[in-house]
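Asks: Going down the list, the sequences are from chains A and B.
1 is the number of the first residue of the first sequence in full-length UniProt numbering; add one for each residue after it.
1 is the number of the first residue of the second sequence in full-length UniProt numbering; add one for each residue after it.
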Amino acid sequence: MSEAFCSWCGGAAGEGRHEACQRRRVLDPPRYCSRCARRMVVQVTPAGWTARCSAHGTTSSAMSDAPTA
Amino acid sequence: MTAAAERTAVEPGAGDILAVAREQVLDRGEGLTEQQVLEVLRLPDGRLEELLQLAHEVRMRWCGPEVEVEGIVSVKTGGCPEDCHFCSQSGRFPTPVRAAWLDIPGLVEAARQTAATGATEFCIVAAVRGPDRRLLSQVRAGIEAIRAAGIDIQIACSLGMLTQEQVDELVAMGVHRYNHNLETARSHFPSVVTTHSWEERWETLRMVREAGMEVCCGGIIGMGETVEQRAEFAAQLAELDPDEVPMNFLIPQPGTPYEDFEVVEGAEALRTVAAFRLAMPRTMLRFAGGRELTLGDLGAEKGMLGGINAIIVGNYLTNLGRPAQQDLDMLQDLRMPIKALNETL
């Protein structure tokens, strides 16, 4: 994991194990900013998602390699 | 004790339950009773294929081969005042879901994405106890914008508990179907939700039906209910006789009281799908949230061949589904035609 924080649980990427988080990320959009671990405002749509961090801006399924519908 | 732990061999009855179901449900179109559903839910894994085959025959006989495809979107996410223990959108639990509103262009785009899959239904959902003026205004503006954009799709809503005035307002907007899940058996509901009652939900459903909207009502399997309560739930839904029953399987959500619940086993989920089909031979039975986690790709196909005749494609409200094209390919492989819009009008 290259991010500083896990986008599913918000924990430090370098601490603990995040294999289970990565499995759940197939079914969930990111909930935490991978740069600062802030909770993001997430909108899921039928074919994608967007996630906005108040400090680091918006990311989306179109910008990510995460699986989306 | 969980449903899985309670399942035992079939109790002696008036004959083999699948033979009884073949005559009663398949031949005569009369759904199984609560006690009969319980017998089905207690069938051993060794009879699962036989059960699924019968449920499929019942679906084909009384519903036909078409599959209704639907997309859903959350227009108002999170911050809900209710305490539904399964839900990541409750403001009462420390979940990672933050409140969000979808704007009108976003709603129109979501409808466009849904229609592009061949879906005939688009359901606008909000995490609320019931709609306030702001939400109803947003929904009205969204529906008008979807129509103005020329998107050819039927619109359903799921906005919580309604007053009669709100029911009438939705009818006037052209909402043709309303979703309001009873979620679980009446006897189990108080351990799932404490901020409102099962009876309050039932009252909304009664008003919806009387106003002429189609009734969509289902629930979630895997919330600690017993097999007896699953049978009870099937019987209560059969009594309601909804046009559509969405079947969800619990996705344990972090921060909710159910975050550590076990995911329903695939065989258990399929047995429940088939049992619900045998309880409601003519109802549209829809695969909804949690199937990806509980059943995986192979299990989804088995469900489509085990009583299901409708499907939500694409993403859900806060969780992601598998790619819509994957489901459309599955339906093509199974030679199940997608229900066309002109058949539903």
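Think of the CB as a built atom: it goes at the ideal place given N, C-alpha and C, for glycine as much as any other residue.
With 8 angstroms as the C-beta to C-beta threshold (strictly closer), list the residues of the segment 308 to 333 of chain B near chain A in chain order.
Replies: Listed in sequence order: V313, G314, N315, Y316, L317, T318, N319, L320, G321, R322, P323, A324.
Asks: Would the segment 284 to 296 of chain B and the segment 245 to 265 of chain B be scored as touching if the rule is three or more Cβ pairs under 8 angstroms?
Replies: yes
Asks: Under 8 angstroms between beta-carbons, which chain B residues line up against Q43(A)? List them in chain order, please.
Replies: Counting from 1 along the first sequence, the entry for residue 43(A) is found at position 43. In chain order: S74, T77, A100, L102, G106.
Asks: Would you please state the rounded distance, in angstroms, between the beta carbons of Q43(A) and T77(B)? I believe it to be under 8 angstroms.
Replies: What you label residue 43(A) is simply residue 43 of the first sequence in a count that begins at 1. What you label residue 77(B) is simply residue 77 of the second sequence in a count that begins at 1. About 7 angstroms; that satisfies the 8 angstroms criterion.
Asks: Helix, strand or coil for W8(A) per DSSP?
Replies: For the purposes of this step, residue 8(A) is identified with residue 8 of the first sequence, where counting begins at 1. W8(A) falls in the coil class under three-state DSSP.
Asks: Looking at P281(B): is its Cβ nearer than 9 angstroms to the Cβ of V58(B)?
Replies: For the purposes of this step, residue 281(B) is taken as the residue at position 281 of the second sequence. For the purposes of this step, residue 58(B) is taken as the residue at position 58 of the second sequence. Yes; because the gap between Cβ atoms is below 9 angstroms, this pair is in contact.
Asks: State whether the segment 32 to 42 of chain B contacts the segment 63 to 81 of chain B, with contact taken as three or more CB pairs (one from each stretch) at a distance under 8 angstroms.
Replies: no
Asks: Please determine if the segment 46 to 61 of chain A and the segment 108 to 122 of chain B are in contact, where contact requires at least 3 C-beta pairs separated by less than 8 angstroms.
Replies: yes
Asks: Under 9 angstroms Cβ-Cβ, which residues of chain B neighbour G10(A)?
Replies: Within the first sequence, the letter at position 10 stands for residue 10(A). Correct list: P96.
Asks: At a Cβ threshold of 9 angstroms, is P246(B) touching chain A?
Replies: In the second sequence, counting from the first residue as 1, residue 246(B) sits at position 246. Against chain A, the CB of P246(B) has no partner CB under 9 angstroms away; the residue lies outside that interface.
Asks: How far does the alpha helix (DSSP H) with C123(B) in it reach, from first residue to last?
Replies: Start at 1 with the first residue of the second sequence, and residue 123(B) comes out as number 123. It is not in any alpha helix (DSSP H) - C123(B) instead sits in the beta strand (DSSP E) that spans 121 to 126.
Asks: The beta strand (DSSP E) that contains A156(B), what's its start and end?
Replies: For the purposes of this step, residue 156(B) is taken as the residue at position 156 of the second sequence. It spans 154 to 158 - the beta strand (DSSP E) in which A156(B) sits, taken as one unbroken run.
Asks: Listed in chain order, which residues of the segment 25 to 43 of chain A have Cβ atoms closer than 8 angstroms to some Cβ of chain B?
Replies: Those residues of the segment 25 to 43 of chain A that come within reach of chain B (Cβ to Cβ, closer than 8 angstroms) are V26, L27, D28, P29, R31, Y32, R39, M40, V41, V42, Q43.
Asks: With M304(B) as the anchor, note down where its alpha helix (DSSP H) starts and where it stops.
Replies: As a position in the second sequence, residue 304(B) is number 304, starting the count at 1. Run containing M304(B): 296 to 304, per the alpha helix (DSSP H) assignment.
Asks: List, in chain order, every chain A residue whose beta-carbon is nearer than 9 angstroms to that of E292(B).
Replies: Numbered from 1 along the second sequence, position 292 holds the residue referred to as residue 292(B). Near E292(B) (Cβ distances below 9 angstroms), the residues of chain A are V26, L27.
Asks: Does A110(B) come within less than 9 angstroms of chain A when only Cβ atoms are used?
Replies: Reading the second sequence from its first residue, position 110 is the one you call residue 110(B). With 9 angstroms as the cut-off, A110(B) counts as an interface residue toward chain A.
Asks: For M284(B) versus D241(B), is the C-beta spacing smaller than 9 angstroms?
Replies: On the second sequence, position 284 is the one that residue 284(B) refers to. On the second sequence, position 241 is the one that residue 241(B) refers to. No, the Cβ-Cβ distance between M284(B) and D241(B) is not below 9 angstroms.
Asks: Going along chain A in order, which residues have a C-beta closer than 9 angstroms to the C-beta of Q229(B)?
Replies: As a working note, residue 229(B) is residue 229 in the second sequence. Ordered by position in chain A, no residue passes the 9 angstroms Cβ test against Q229(B), which lies about 26 angstroms from the chain.
Asks: By DSSP's criteria, A100(B) is part of a beta bridge. Which residues make up the other side?
Replies: Stepping through the second sequence from its first residue, residue 100(B) is reached at position 100. Per DSSP, T77(B).
Asks: Using a Cβ cut-off of 9 angstroms (strictly closer), state whether G48(A) contacts chain B.
Replies: Here residue 48(A) refers to the residue found at position 48 of the first sequence. With 9 angstroms as the cut-off, G48(A) counts as an interface residue toward chain B.
Asks: Run through chain A and tell me which residues come within less than 8 angstroms of I251(B), C-beta to C-beta.
Replies: By one-based count along the second sequence, residue 251(B) stands at place 251. What I251(B) touches in chain A, judged by beta-carbon distance under 8 angstroms, is L27, going in chain order.
Asks: Checking the sheet assignment: what are the DSSP bridge partners for G71(B)?
Replies: Sequence index remark: in the second sequence, residue 71(B) carries index 71 (1-based). Its beta-bridge partners are F122(B).
Asks: Is there at least one Cβ from chain E nearer than 9 angstroms to E183(B)'s Cβ?
Replies: Of the protein chains in this structure, namely A and B, none is chain E.
Asks: Three-state secondary structure (DSSP) at A310(B)?
Replies: Start at 1 with the first residue of the second sequence, and residue 310(B) comes out as number 310. A310(B): strand per DSSP, three-state reduction.
Asks: Residue 350(B): which of T318(B), L270(B), I143(B), L320(B) sits nearest, CA to CA?
Replies: Beyond the ends of chain B as shown, which are 1 and 345, falls residue 350(B); an answer cannot be given.
Asks: Could you check whether the Cβ of T226(B) sits closer than 9 angstroms to any Cβ belonging to chain A?
Replies: Start at 1 with the first residue of the second sequence, and residue 226(B) comes out as number 226. No, T226(B) does not count as interfacial toward chain A.
Asks: In this structure, does DSSP put R28(B) in helix, strand or coil?
Replies: As a working note, residue 28(B) is residue 28 in the second sequence. DSSP places R28(B) in coil when its eight states are reduced to three.
Asks: Quick one: Cα of A69(A) to Cα of R112(B), how far?
Replies: On the first sequence, residue 69(A) is found 69 positions in, with the first residue counted as 1. On the second sequence, residue 112(B) is found 112 positions in, with the first residue counted as 1. With a pLDDT of only 37 at A69(A), under the threshold of 50, the placement of this residue in the model should not be trusted, and no figure is reported.
Asks: Kindly indicate which three-state DSSP category G266(B) falls into: helix, strand or coil?
Replies: As a first step, residue 266(B) is located in the second sequence; it is residue number 266 there, counting from the start. Assigned with DSSP and collapsed to three states, G266(B) falls in helix.
Asks: Compute every distance between the C-beta of N315(B) and the non-hydrogen atoms of the ligand PLP, then say whether any falls below 8 angstroms.
Replies: Absence of the ligand PLP is noted for the structure shown, with no ligands found whatsoever.
Asks: Using beta-carbon positions only, say whether V128(B) and C157(B) come within less than 9 angstroms of one another.
Replies: If you number the second sequence from 1, residue 128(B) lands on position 128. If you number the second sequence from 1, residue 157(B) lands on position 157. No, they are not a contact pair.
Asks: Can you confirm whether T117(B), when its beta carbon is compared against all beta carbons of chain A, has any partner nearer than 9 angstroms?
Replies: Here residue 117(B) corresponds to residue number 117 of the second sequence, with the count starting at 1. Chain A contact via Cβ: present.
Asks: Look at the Cβ atom of P81(B), then the Cβ atom of G91(B), and state whether they are nearer than 9 angstroms.
Replies: Residue numbering aside, residue 81(B) sits at position 81 when the second sequence is read from its first letter. Residue numbering aside, residue 91(B) sits at position 91 when the second sequence is read from its first letter. A contact, by the Cβ cut-off of 9 angstroms.
Asks: Count the CB pairs spanning the segment 166 to 181 of chain B and the segment 211 to 220 of chain B that are closer than 8 angstroms, and state whether there are at least three.
Replies: Touching, yes.
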